[in-house]
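Enquirer: Handing you this structure, nothing more for now.
Numbering (the working numbering), first residue to last: 1229 to 1386.
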């Protein structure tokens, strides 16, 4: 609970998430799905400027490298992923109206422009509905957030 990644955003999607459901926000935007997203775009006949790489190695860093090369596939994955996360955050805003949403994970390797694109999408949907500004903040714990959260939970239960 409290994880928006497993909320369904595409009811008719055939993309299966790690939770077993189809159409989760995570299945459409998470870095662990970048290899299959990349491969699907190649199958559609799109070309990539990224050299010979193993498809399983496609992650946030590879996408960031592709952006520097003006790679069309990497740009599409970048913008689609940011858009979907922005929509997911908008849904959280509509239900909970939080003061802030913290986003993290490997996608933060995509840099400040990624966060800005998420914010642009979010604010394009919010328009005049927001009275108090909601912050969208990148996590500062990087890859250790799960570990820190687990430790905090253990301490809380003592």
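Built from N, CA and C at the ideal position, the CB exists for glycine as well.
Using DSSP's beta-bridge definition, name the partner residues of residue 1329.
Expert: Note: residue 1329 sits in a beta bridge opposite 1364.
Enquirer: In or out: residue 1255 buried (at least 16 other Cβ within 10 Å) or exposed?
Expert: The residue in question, residue 1255, is buried, as its Cβ has 16 or more Cβ neighbours within 10 Å.
Enquirer: If I measure Cβ to Cβ from residue 1313 and keep anything under 6 Å in the same chain, skipping five residues before and after, which residues do I get?
Expert: Contacts found: 1257 and 1346.
Enquirer: Do you know offhand how far residue 1281's Cα is from residue 1263's?
Expert: Rounded to the nearest angstrom, the two C-alpha atoms are 11 Å apart.
Enquirer: Would you call the stretch 1325 to 1334 in contact with the stretch 1291 to 1302, where contact means no fewer than 3 C-beta pairs closer than 8 Å?
Expert: Touching, no, given that fewer than three Cβ pairs across the two stretches are closer than 8 Å.
Enquirer: For the ligand FAD, is there any heavy atom lying closer than 7 Å to the beta carbon of residue 1342?
Expert: Of the ligands one can find in the structure shown there are none, so the ligand FAD has no counterpart to examine.
Enquirer: Restricting to Cα atoms, I'd like to know which of 1287, 1252 and 1251 is closest to residue 1267.
Expert: It is 1287.
Enquirer: Specify, as a first and last residue, the run of the alpha helix (DSSP H) that residue 1254 falls within.
Expert: Where residue 1254 is concerned, the enclosing alpha helix (DSSP H) stretches over 1253 to 1257.
Enquirer: Can you list the alpha helix (DSSP H) stretches of 4 or more residues lying completely in the stretch 1245 to 1325, in chain order?
Expert: Listed in chain order, they are 1253 to 1257, 1262 to 1271, 1288 to 1296 and 1300 to 1324.
Enquirer: Between the C-alpha atoms of residue 1290 and residue 1343, what's the straight-line distance to the nearest angstrom?
Expert: Each residue's Cα considered, the two are about 17 Å apart.
Enquirer: Does DSSP classify residue 1401 as helix, strand or coil?
Expert: No answer is possible for residue 1401: it lies beyond the span of the chain, which begins at 1229 and ends at 1386.
Enquirer: In chain order, what residues of the same chain lie with their CB nearer than 7 Å to the CB of residue 1250, ignoring the 5 residues before and after it?
Expert: Only 1241, 1242, 1243 and 1244 meet the Cβ criterion.
Enquirer: Is residue 1247 near residue 1235, with beta carbons less than 8 Å apart?
Expert: Not in contact: residue 1247 and residue 1235 (Cβ atoms no closer than 8 Å).
Enquirer: Using the C-alpha atoms, what's the distance from residue 1339 back to residue 1237?
Expert: Distance between the alpha carbons of residue 1237 and residue 1339: 24 Å.
Enquirer: Return the Cβ separation of residue 1317 and residue 1359 in integer angstroms, given the expectation that the two are a contact with Cβ distance under 8 Å.
Expert: Incorrect: roughly 17 Å between the Cβ atoms, too far for contact.
Enquirer: To the nearest angstrom, report how far apart residue 1276 and residue 1265 are at their CA atoms.
Expert: Between residue 1276 and residue 1265, the C-alpha separation is close to 13 Å.
Enquirer: In the structure shown, what three-state DSSP assignment does residue 1339 receive?
Expert: Residue 1339 falls in the coil class under three-state DSSP.
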